[in-house]
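Chemist: Residue numbers (my numbering): 598 to 658.
Take a look at this one; I'll ask things after.
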């Protein structure tokens, strides 16, 4: 994510999905990595179905 953000000059990186639910350790690691790369992390709450919606939209193209 940080590499893509650098390639497109993005300042924020948005993370979502069920793997973040209740996983404080993963959030801390992602935040630390992004901070090292001078990027701001954004964690979307209640986004556990974002991957399924993305897959559905991709399949309907």
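For each residue, glycine too, the CB sits at the ideal point set by N, CA and C.
Just so we're clear, the structure is a prediction, and the values are computed from it rather than from any experiment.
1) For residue 637, report the span of its beta strand (DSSP E) as first-last.
2) Going by C-alpha distance, which of 641, 645, 636 is nearest residue 609?
3) Kindly indicate the opening and closing residues of the beta strand (DSSP E) around residue 616.
4) According to DSSP, is residue 656 part of a helix, a strand, or is it coil?
5) Rounded to the nearest angstrom, what separates residue 645 and residue 605 at their Cα positions?
Modeler: By the coordinates alone:
1) Within the chain shown, the letter at position 40 stands for residue 637. If you look at residue 637, you'll find it in the beta strand (DSSP E) that goes 637 to 640.
2) Locating residue 609 in the chain shown gives position 12, counting from the first residue. Out of 641, 645, 636, 636 has the C-alpha closest to the C-alpha of residue 609.
3) Stepping through the chain shown from its first residue, residue 616 is reached at position 19. Looking at the DSSP string, residue 616 is not in any beta strand (DSSP E), and its letter there is neither H nor E.
4) Indexing the chain shown from 1 puts residue 656 at position 59. Note: residue 656 maps to helix in three-state DSSP.
5) As a first step, residue 645 is located in the chain shown; it is residue number 48 there, counting from the start. As a first step, residue 605 is located in the chain shown; it is residue number 8 there, counting from the start. Looking at the two C-alpha atoms, the distance is approximately 26 Å.
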